[in-house]
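Chemist: As they're listed, the protein sequences go chains A and B. Start counting the first sequence at 1; every next residue gets the next number (my numbering). Start counting the second sequence at 161; every next residue gets the next number (my numbering). Just so you know, even glycine gets a beta-carbon here, dropped at the ideal spot from N, CA and C. Bear in mind that the values here come from a model prediction, so they are computed numbers and not experimental data.
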Amino acid sequence: MDLWSNLGIVYALIGAALAVLAGGVGSSLGVGIAGEAASGVISEDPSKFGKVLVLQLLPGTNGIYGLLVGFIVLAQIGLLGGAPADLTVQQGLLILAACLPITIVGWLSGPAQGKVSAAAIGIIAKKPDQFGKAMLLPAMVETYTILALLISILAVTALA
Amino acid sequence: MKDLDYAFAVARIRSLENSLMSNADIERLMACSDGKRCMQVLAEKGWGNGDEDIDLREMLRLEVGKTWAVLRDVSPDMSVFDVFSIYRLYHNLKAAIQLLCTEIKYENIYYEDAVFSGDELVQVIKEKAFYKLPYNMPKVAEEAYKTMLHTRDGQLCDVIVDRGAMETMIDLGQKSGVEIIKRYAEFTVGLANVKIALRAQETGKTLDFMLRALAPCALLDVNRLARAAATSREAIIDYLRGTAAGDSADLIQESSAAFERWCDNRLIEAIKSEKNKAFTAGPLAAYFVARQNEIKTVRLIVTGKQNKFPDEAIQERVRVMYA
Chain A
1 MDLWSNLGIV YALIGAALAV LAGGVGSSLG VGIAGEAASG VISEDPSKFG
51 KVLVLQLLPG TNGIYGLLVG FIVLAQIGLL GGAPADLTVQ QGLLILAACL
101 PITIVGWLSG PAQGKVSAAA IGIIAKKPDQ FGKAMLLPAM VETYTILALL
151 ISILAVTALA
Chain B
161 MKDLDYAFAV ARIRSLENSL MSNADIERLM ACSDGKRCMQ VLAEKGWGNG
211 DEDIDLREML RLEVGKTWAV LRDVSPDMSV FDVFSIYRLY HNLKAAIQLL
261 CTEIKYENIY YEDAVFSGDE LVQVIKEKAF YKLPYNMPKV AEEAYKTMLH
311 TRDGQLCDVI VDRGAMETMI DLGQKSGVEI IKRYAEFTVG LANVKIALRA
361 QETGKTLDFM LRALAPCALL DVNRLARAAA TSREAIIDYL RGTAAGDSAD
411 LIQESSAAFE RWCDNRLIEA IKSEKNKAFT AGPLAAYFVA RQNEIKTVRL
461 IVTGKQNKFP DEAIQERVRV MYA
């Protein structure tokens with residue numbers, strides 16, 4: 001397979017890879033930050049494990065969103081079916097551009113959500129009955145990741 | 161990302177804050193009929209080591225030790241909290257100099273958990289190896305020791321060491337990079353200056369003595385404070401009215417206990433802003449100050465109850481809690 005004559009596929013694959021990588025990096029940073037805070041609470045009060053685990057996991061969704069966009073791209077360009085589509089450079093670049101929203105937002109929002117989750121874990125430490133409110137705060141950050149996910153999915157599927 | 165190092169520590173401190181004494185706990189302690197009942201209530205709250213016959217002094221010593229153990233356990237950088245151990249270190253220096261120069265044997269005059277123990281400091285002074293000491297201590301220790309040897313004036317020796325301690329406290333507060341610790345250092349030194357000025361005025365000290373004893377700080381102009389103290393108590397109060405410690409002016413006229421209480425309550429109000437922070441050393445410092453405050457309040461209440469002081473007299477000294 002000649003690389004230069006298949007640049008369209010290459011660009012599309014770069015888009016898929018970036019979506020998965022950036023989402024994964026953002027999530028692991030966010031989950032790491034929240035995990036430190038969760039460990040602090042559990043070390044004093046193990047009975048709060050269930051509640052702090054939910055808050056720790058919230059920043060983990062970015063990685064899943066990146067993976068989802070990556071799967072859709074792979075499916076759209078025929079790599080999952082074993083028959084790669086014949087993409088022009090222009091089509092490949094368009095798919096790469098379509099992956100950018102979830103790539104950038106997934107990467108940046110992960111640590112931001114992790115910080116909010118860590119702060120919310122502080123709420124659980126002091127007032128475990130306020131779990132619902134504590135969970136809503138990091139979920140607010142999630143809103144913008146979901147918007148980016150929607151645009152990436154709509155764009156990738158529209159380009160196919 | 162450095163502040164994120166405190167995510168674990170702050171979350172753990174948030175959990176530990178649940179076991180801090182609330183104002184309701186203090187009221188419960190105040191309602192106890194005598195010191196023995198107070199000790200039972202404290203033991204039920206987990207204070208001490210479970211020994212029913214423990215005395216108050218030992219119980220409080222254990223609680224101070226527990227607080228330091230928590231900080232050592234959770235903090236990624238203990239140097240930030242050096243400001244809290246300065247008093248003990250410089251106290252040990254004063255005690256070591258007095259012990260060497262007077263050659264009178266005293267029992268239990270040193271703090272055990274200071275950076276340098278009393279015996280180590282005695283050795284340093286005997287060998288004149290002042291360079292081994294941290295902060296500004298080499299200069300302070302040498303000056304205080306020579307002054308004590310030449311003049312035998314224990315009070316002057318204490319003044320030199322205390323001023324050195326206050327200057328170090330301000331310096332460490334600024335170096336800590338944590339706003340609340342910087343404010344704690346400035347506030348503590350500022351109010352220590354006021355207490356020194358009041359005491360010096362009462363005992364008729366000279367202006368030179370006061371200028372030597374007072375440490376420059378952001379809270380007050382120590383030159384103006386010293387000149388006011390050299391004039392009269394009213395002049396000190398008038399000067400304070402125009403400063404950040406203006407609220408305390410009327411309380412100084414009321415009683416020294418009311419002033420001390422104001423100082424501690426003001427500090428607790430200042431640290432309450434740390435309840436909203438998640439990624440700095442501030443909440444750890446606030447927890448430490450809150451523990452110091454509750455230990456001091458418990459000491460006042462239980463000692464008062466043990467000595468059968470009237471409840472009104474004890475209540476006047478009870479501090480506001482952080483929790």
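Using a Cβ distance threshold of 8 Å, determine whether the stretch 105-115 of chain A contacts the stretch 29-39 of chain A, with at least three qualifying pairs required.
Modeler: In short, these stretches touch, since the Cβ pair count reaches three.
Chemist: Would Ala12(A) count as contacting chain B if we go by Cβ distances under 9 Å?
Modeler: Judged by the 9 Å Cβ criterion, Ala12(A) is not in contact with chain B.
Chemist: If you pair each beta-carbon of the stretch 121-136 of chain A with each one of the stretch 96-108 of chain A, do three or more pairs fall below 8 Å?
Modeler: Judged by Cβ distances under 8 Å, the stretch 121-136 of chain A makes no contact with the stretch 96-108 of chain A, as fewer than three pairs qualify.
Chemist: Tell me whether Val141(A) sits in a helix, a strand or coil according to DSSP, three-state version.
Modeler: Val141(A): helix per DSSP, three-state reduction.
Chemist: Does the contact criterion of 3 or more C-beta pairs under 8 Å hold for the stretch 329-342 of chain B versus the stretch 303-311 of chain B?
Modeler: The answer is no - the stretch 303-311 of chain B does not touch the stretch 329-342 of chain B, with fewer than three Cβ pairs under 8 Å.
Chemist: Contact defined as beta carbons within less than 8 Å: I believe Val20(A) pairs with Gln56(A). What is the distance between those atoms, to the nearest angstrom?
Modeler: Incorrect: roughly 21 Å between the Cβ atoms, too far for contact.
Chemist: Which bits of chain A does Glu177(B) rub up against, with CB to CB less than 9 Å?
Modeler: Result: Ala125, Lys126.
Chemist: In angstroms with no decimal places, state the Cα-to-Cα distance between Thr366(B) and Gly350(B).
Modeler: Each residue's Cα considered, the two are about 20 Å apart.
Chemist: Using a cut-off of 9 Å between C-beta atoms, extract the partners of Arg343(B) located in chain A.
Modeler: None at all; the shortest Cβ gap to chain A is about 22 Å.
Chemist: Considering just the uninterrupted stretch of the alpha helix (DSSP H) at Gln200(B), what are its terminal residues?
Modeler: Its alpha helix (DSSP H) spans residues 195-204.
Chemist: Ignoring anything shorter than 4 residues, give me the alpha helix (DSSP H) runs that lie fully in the stretch 411-463 of chain B, in order along the chain.
Modeler: You should have 416-431.
Chemist: Could you give the C-beta distance for Arg477(B) and Ala417(B), rounded to a whole number, given that I count them as a contact under 8 Å?
Modeler: That pair is a contact at about 5 Å.
Chemist: May I have the straight-line CA-CA distance separating Ala390(B) from Gln413(B), to the nearest angstrom?
Modeler: Distance between the alpha carbons of Ala390(B) and Gln413(B): 17 Å.
Chemist: Give a yes or no on whether the minimum CB-CB distance between Ala441(B) and chain C is below 9 Å.
Modeler: The structure shown contains no chain C; its protein chains are A and B.
Chemist: Look at the alpha carbon of Arg393(B) and the alpha carbon of Leu136(A), and state the distance between them as a whole number of angstroms.
Modeler: Cα-Cα distance, rounded: 56 Å.
Chemist: Would you be able to state if there are at least three C-beta pairs under 8 Å between the stretch 235-243 of chain B and the stretch 437-452 of chain B?
Modeler: Yes, the stretch 437-452 of chain B touches the stretch 235-243 of chain B.
Chemist: Within the chosen definition, does the stretch 197-212 of chain B reach the stretch 141-154 of chain A through at least 3 CB pairs nearer than 8 Å?
Modeler: No contact exists between the stretch 197-212 of chain B and the stretch 141-154 of chain A.
Chemist: Going along the chain, which residues of its own chain have a beta-carbon closer than 7 Å to the beta-carbon of Gly26(A), five neighbours each way excluded?
Modeler: Here the set comprises Asn62, Gly106, Trp107, Leu108, Ser109, Gly110, Pro111.
Chemist: Cβ atoms of Gly208(B) and Glu223(B): under 9 Å apart, would you say?
Modeler: Yes, Cβ-Cβ distance for Glu223(B) and Gly208(B) is below 9 Å.
Chemist: With 7 Å as the limit, tell me which residues of the stretch 21-33 of chain A have their beta carbon closer than that to any beta carbon of chain B; keep them in chain order.
Modeler: The stretch 21-33 of chain A vs chain B, Cβ under 7 Å: Ile33.
Chemist: Beta-carbon of Ser39(A) versus every beta-carbon of chain B: anything under 9 Å?
Modeler: Ser39(A) counts as touching chain B.
Chemist: Does any CB atom of chain B fall closer than 9 Å to the CB of Val141(A)?
Modeler: Answer no: the Cβ-Cβ gap between Val141(A) and chain B never drops below 9 Å.
Chemist: Could you check where the alpha helix (DSSP H) with Arg477(B) kicks off and where it finishes?
Modeler: Segment: none, Arg477(B) is in no alpha helix (DSSP H) and carries neither H nor E.
Chemist: Roughly how many angstroms lie between the CA atoms of Leu79(A) and Ala85(A), to the nearest whole one?
Modeler: The straight-line gap from Cα to Cα measures roughly 8 Å.
Chemist: In chain order, which continuous runs of the beta strand (DSSP E) of length 3 or greater are located wholly inside the stretch 1-55 of chain A?
Modeler: Listed in chain order, there is nothing to give.
Chemist: Please classify Lys254(B) as buried or exposed, where buried requires at least 16 other C-beta atoms within 10 Å of its C-beta.
Modeler: Buried is the call here.
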